[in-house]
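Undergrad: Respectively, the protein sequence lines represent chains D and R.
At position 299 of the first sequence (counting the first as 1) the number is 298 in numbering that gives the first Met the number 0, and the numbers step up by one without a gap.
At position 41 of the second sequence (counting the first as 1) the number is 40 in numbering that gives the first Met the number 0, and the numbers step up by one without a gap.
Pasting a structure below so you can have a look.
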Amino acid sequence: MTTIRKLFIANRAEIALRIVHTARRMGIATVVPMHNQDQFGPALTEADETVEIFGTPAVAAWLDIPGLIRAALDTGCDAIHPGYGFLSENATFAKAVELAGLIFVGPPAPVIELMGDKITARRFAVAQGMPVTLSADEAEDPTTFEKRALAIGFPLLVKGAAGGGGKGMQIARRVEDLANAISVARAESQRYFGDGRLFAERFVEQPRHIEVQVFGDTQGHVIHLGERECSIQRRFQKLIEESPAPKLPDGLRNRICDAAVKLAAAAKYVNAGTVECIVSPDGEFFFLEMNTRLQVEHPVTEMVTGLDLVELQLRVAQGEPLPLDQGDVQFSGHAIECRILAEDADAGFVPDTGKVLLLGIPAGPGVRFDSGVTAGAPVTADFDSMLAKLVVHGADRTLAISRMRSALADTTMLGVTINNDFLSRVLHHPAFARGETDTGFLERHKAELAPAVFTDDERQLMLAVAASAAPDISATRIPEPYASMGAWRN
Amino acid sequence: MAQLIAKMITLQFSDMPDQRHQVQLRTNAVYVNGRPLQVRKAAAGSFTGMLDGRTVRLRAVAHGDTLYVQLRGRGVRIDRVDPTRARAAATPGGAGASHAPMPGVVISLLVAAGQQVKAGDDLLVIESMKLQMTISASLDGEVVELPLAVGQTFQRNDILVRLQTCGDTA
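Below you can see the structure in the form of structure tokens.
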């Protein structure tokens, strides 16, 4: 067993801060990288040290394997936590970290490699008895790919074999859509993952996205920490996640969780991982992929289990056995997470940029706000649009929903358009309250989710407040024609 | 008798640029288009007002001539305008210019300057955060300018490409 004394966090924003918090509680010092395009993150002020990293565009610095390892070694770190995104699922990075004599907080490189390729992962899952949907793999025979894809039938999902995170995914509903879906998916896949190989599979209509949090240790124990429902998505990216999944029959829940543990155990999985499945309306489930890292939405699992997943990750990385068996895992209440994004949800979810001029952080019983921004921070197009995660817990789903509604209304980031009001409309939707969640939810309820029109009274009040917030307007020149009217009497 | 210069400004909502509102701060009330409203500042950036006989909390902050206000969790942008100035031309680059719908980076250029294109032809691909968007030609004509190179970043409303209809002279 090795003890981690100083941890390099190869990430930024909210997840860097979240890792700093746990490390500090465990007595581990932290180093967070800083880039000249990203100097306002709260992790930079809370970490014990920062170290400058370089790259153009800025994200390149977080993808620079030698640069990050050098930064970790130069600052005397003995371990690297990759967070999520960036290099978190890059087997080459995991290997390089170990070659440099550092601990990689995550699974061993061969496991990342196995699960990182959709095709090998799927074959492995099939071998473990995990159900999968009909599919066609381009690598098998590129010349017949389109023909084999056509044979699966429509609707068809075309995606990058090396992909993830909703990038490089296209749905073809008819034969005539296929050529375009292939070319768009290939271009995006090439750009995001440097690999244009494609994979096509039958698209399950009205699917629910349900995933299982698994954990393994170096002693060979594998447990699950329950499931998360992540069906509220736009453009294949999750917006709202919750645990437990609403209206999921216990028998089905147990089958999915057991299959996930079996898969992870067969892969000799170590550290935190997530087995993603799609669940059809008639209760069938299919393996989607396994993410070999901490997920964005891990806090909902933390809130229902009372466990700190980053702490478990660090303990397992030090070679400690998992401190609990499956039977010790207790689930309590219901948790929901909303991703606070810099985007105009009512204008087709287009990203927005600006500056967080006024930051209002929601608080209250069961409310957690993992923020990646501070007041005054610029929001640029250099990075992902997620600014914070709002997570709530309640004794049951109804209470969690009501706490989330008030917390969203209390969330303020003026100076950039955020999606809190859109999320609030979803949380107020009767179908959401009934637990009728599938990945088509936002599209199906688009009309009802449109913003209410402000009344004249509301607009007038906002104008009055705007004027009251304006810098001393008496000092400004009074424009024509008002200036010529002379002084007003009060 | 004390005389006071009226603190009068002209405001418009960014989503309703056609309507302008006169707002005047007086010591007893804020007058919005002549109607007196009570607003109290509760703390920095925090205000209270009355709606349908109930007290509501609002948040607001100023950034130059832009004012951001949040009511019931929903943020809006309000711009302070100079009523003596005419509105900016709707398309500063002319009819054949494509403007960036959001800030981002150029991913690829699909045409070159001097090339003839038809309306609907793809011209270039841009990306902002995780969204990729193809900019296509709005008219038949010739590409006269592609001011940005691959990898270059731009701001909202920057010109991405300029076209000229057949027969136009530069």
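Even glycine gets a Cβ: it sits at the ideal position worked out from N, Cα and C.
Span of the alpha helix (DSSP H) holding residue 109 (chain D)?
TA: Start and end: 108-115.
Undergrad: Does any residue of chain C have a CB that is nearer than 8 Å to the CB of residue 152 (chain R)?
TA: Within the model displayed, chain C is absent; protein chains D and R are what it includes.
Undergrad: Kindly confirm or deny that the stretch 168-180 of chain D and the stretch 214-221 of chain D touch, where touching means at least three C-beta pairs closer than 8 Å.
TA: No, the stretch 168-180 of chain D is not in contact with the stretch 214-221 of chain D.
Undergrad: Excluding five sequence neighbours on each side, which residues of the same chain lie with their C-beta closer than 8 Å to the C-beta of residue 116 (chain R)?
TA: So the list reads 110, 122, 136, 139, 140, 141, 142 and 162, once near-sequence residues are dropped.
Undergrad: Taking Cβ positions, are residue 93 (chain D) and residue 70 (chain D) nearer each other than 8 Å?
TA: It is not a contact, given that the beta carbons lie outside the stated cut-off.
Undergrad: What does residue 457 (chain D) reach in chain R if we use C-beta pairs closer than 7 Å?
TA: Chain R residues near residue 457 (chain D): 50 and 70.
Undergrad: Who are the Cβ neighbours of residue 63 (chain D) in its own chain at under 6 Å, not counting the five residues just before and after it?
TA: Counting only Cβ-Cβ distances below 6 Å, and skipping sequence neighbours, we find 54.
Undergrad: Quick one, which of R:104, R:133 and R:43 has its alpha-carbon nearest residue 148 (chain R)'s?
TA: Of R:104, R:133 and R:43, the residue nearest in Cα terms is R:104.
Undergrad: Pop quiz: residue 331 (chain D) and residue 366 (chain D) are said to be a contact at Cβ under 8 Å. What is the actual Cβ separation, rounded to whole angstroms?
TA: Going by Cβ atoms, the distance from residue 331 (chain D) to residue 366 (chain D) rounds to 16 Å, so no, they are not a contact pair.
Undergrad: Could you round the C-beta distance between residue 181 (chain D) and residue 226 (chain D) to whole angstroms and report it? I think they count as a contact, below 8 Å.
TA: That belief does not hold up - the Cβ atoms of residue 181 (chain D) and residue 226 (chain D) are roughly 33 Å apart, past 8 Å.
Undergrad: Do the stretch 197-214 of chain D and the stretch 409-421 of chain D meet, that is, are 3 or more Cβ pairs less than 8 Å apart?
TA: No, because fewer than three Cβ pairs between the stretch 197-214 of chain D and the stretch 409-421 of chain D fall closer than 8 Å, the two stretches do not touch.
Undergrad: Report buried or exposed for residue 313 (chain D), applying the criterion of at least 16 other Cβ atoms within 10 angstroms of its Cβ.
TA: Its Cβ being crowded by 16 or more others within 10 Å, residue 313 (chain D) is buried.
Undergrad: With C-beta atoms as the reference, is residue 116 (chain D) less than 8 Å away from residue 159 (chain D)?
TA: Not a contact, by the Cβ cut-off of 8 Å.
Undergrad: Looking only at its own chain, which residues have a Cβ that is under 6 Å from the Cβ of residue 334 (chain D), when we skip the five neighbours before and after it?
TA: Closer than 6 Å at the Cβ level, and outside the excluded window around residue 334 (chain D), lie 242, 299, 302, 303 and 392.
Undergrad: Could you check whether the stretch 285-295 of chain D touches the stretch 80-98 of chain D, counting it as contact only if at least three pairs of C-beta atoms, one from each stretch, sit closer than 8 Å?
TA: Yes, since at least three Cβ pairs between the stretch 285-295 of chain D and the stretch 80-98 of chain D fall closer than 8 Å, the two stretches touch.
Undergrad: Given residue 127 (chain D), which residues of its chain have a CB within under 7 Å of its CB, disregarding the five upstream and five downstream residues?
TA: Excluding residues within five positions, the ones whose Cβ falls inside 7 Å are 261, 262 and 265.
Undergrad: If we call anything under 8 Å between Cβ atoms a contact, is residue 97 (chain D) one with residue 74 (chain D)?
TA: No, these two residues do not count as a Cβ contact at 8 Å.
Undergrad: Listing by chain order, which chain D residues have their CB less than 8 Å from the CB of residue 104 (chain R)?
TA: Within 8 Å Cβ-Cβ: 56 and 380.
Undergrad: Are any of the Cβ atoms in chain D nearer than 8 Å to that of residue 99 (chain R)?
TA: No - not a single Cβ of chain D is within 8 Å of the one on residue 99 (chain R).
Undergrad: Relative to the C-alpha of residue 397 (chain D), which residue among D:411, D:379 and D:426 is closest?
TA: The shortest Cα separation from residue 397 (chain D) among D:411, D:379 and D:426 belongs to D:426.
Undergrad: Verify the CB distance criterion: does residue 190 (chain D) have a CB-CB separation below 8 Å to chain R?
TA: Closer than 8 Å to some Cβ of chain R, the Cβ of residue 190 (chain D) qualifies, so yes.
Undergrad: What are the uninterrupted segments assigned as alpha helix (DSSP H) that are 4 or more residues long and contained completely in the stretch 222-310 of chain D, given in chain order?
TA: For the stretch 222-310 of chain D, whole alpha helix (DSSP H) runs of length 4 or above, ordered along the chain, are 249-265 and 297-304.
Undergrad: For residue 407 (chain D), report the span of its alpha helix (DSSP H) as first-last.
TA: Here the alpha helix (DSSP H) through residue 407 (chain D) covers 396-408.
Undergrad: For residue 307 (chain D), which residues in the same chain have their Cβ closer than 7 Å to its Cβ, ignoring the five residues on either side in sequence?
TA: Hits under 7 Å: 21 and 301.
Undergrad: Can you confirm whether the stretch 338-353 of chain D touches the stretch 316-323 of chain D when touching is taken to mean that 3 or more C-beta pairs between the two stretches lie within less than 8 Å?
TA: Contact fails: fewer than three Cβ-Cβ distances are below 8 Å.
Undergrad: So residue 359 (chain D) contacts chain R; which residues on that side make the cut at Cβ distance below 9 Å?
TA: Residues of chain R passing the Cβ test: 44, 45, 58 and 69.
Undergrad: Helix, strand or coil for residue 76 (chain R), going by three-state DSSP, please let me know.
TA: Correct three-state label for residue 76 (chain R): strand.
Undergrad: Within the 8 Å Cβ cut-off, does residue 89 (chain R) reach chain D?
TA: Because residue 89 (chain R) carries a pLDDT of 34, less than 50, the predicted location of this residue cannot be relied on, and the following value inherits that uncertainty. Closer than 8 Å: no.
Undergrad: Closest to residue 60 (chain D) by CA distance: which of D:456, D:454 and D:381 is it?
TA: Residue D:381 is the option with its Cα nearest to residue 60 (chain D).
Undergrad: So residue 29 (chain R) contacts chain D; which residues on that side make the cut at Cβ distance below 7 Å?
TA: Under the 7 Å cutoff, chain D gives 463, 466 and 467.
Undergrad: Along the chain, where does the beta strand (DSSP E) containing residue 170 (chain D) start, and where does it finish?
TA: 166-171 is the span of the beta strand (DSSP E), which, as asked, contains residue 170 (chain D).
Undergrad: Name the residue from D:445, D:198, D:23 and D:177 whose alpha carbon lies nearest to the alpha carbon of residue 346 (chain D).
TA: Nearest C-alpha to residue 346 (chain D): D:445.
Undergrad: For residue 12 (chain D), which three-state DSSP category applies?
TA: Here residue 12 (chain D) sits in helix by DSSP.
Undergrad: Can you find a C-beta in chain R that's less than 8 Å from the C-beta of residue 377 (chain D)?
TA: With 8 Å as the cut-off, residue 377 (chain D) does not count as an interface residue toward chain R.
Undergrad: DSSP three-state call for residue 119 (chain D): helix, strand or coil?
TA: Correct three-state label for residue 119 (chain D): helix.
Undergrad: Around the Cβ of residue 257 (chain D), are there at least 16 other Cβ atoms within 10 angstroms (buried) or fewer (exposed)?
TA: It is exposed - the Cβ of residue 257 (chain D) has fewer than 16 other Cβ atoms within 10 Å.
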